[in-house]
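**Student:** Every letter in the sequence shown is one number past the one before it in our numbering, and letter 41, counting from 1, is 1392. Built from N, CA and C at the ideal position, the CB exists for glycine as well. Model, not experiment: these values are computed from the prediction.
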Amino acid sequence: MTNTEAQYHDEWLLDVPLLREFIEQVNEVRQREPDPQKIVAAIRPHFAKLLADQSWLPDS
1352 MTNTEAQYHD EWLLDVPLLR EFIEQVNEVR QREPDPQKIV AAIRPHFAKL LADQSWLPDS
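1) Nearest-angstrom Cα distance between isoleucine 1394 and valine 1380?
2) Could you check what DSSP says for glutamine 1358 in three-state terms: helix, strand or coil?
3) Once DSSP output is grouped into helix, strand and coil, what is the label at proline 1368?
4) Can you tell me whether DSSP reads proline 1396 as helix, strand or coil?
5) Thinking C-beta only, is glutamine 1382 closer than 8 Å to histidine 1397?
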C-alpha cells in the first residue's frame, strides 16, 4: 500500500486581482483561526470590500 497525499490547486473561473486578493485573505484567516464563527467575523470586512467594488464582475 502506498501513502499518497491529495494535492489541491486553486482553479479560477474568473481570475482578477481583486478576487484573488479576497481568496488569499480568506485562506490566511482560515489558516490561523480554527473557530468558524471567528473566521466569518474576520472575513466580513474583506467580503464587504469585494461587494462594494463590482469591477471584478464580468459583463452580463
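**Tutor:** Checking against the coordinates, here is how it stands:
1) Between isoleucine 1394 and valine 1380, the C-alpha separation is close to 7 Å.
2) Coil at glutamine 1358, not helix or strand.
3) Looking at proline 1368 - three-state DSSP - the assignment turns out to be helix.
4) DSSP places proline 1396 in helix when its eight states are reduced to three.
5) Between histidine 1397 and glutamine 1382, the C-beta gap is not smaller than 8 Å, which leaves the two residues out of contact.
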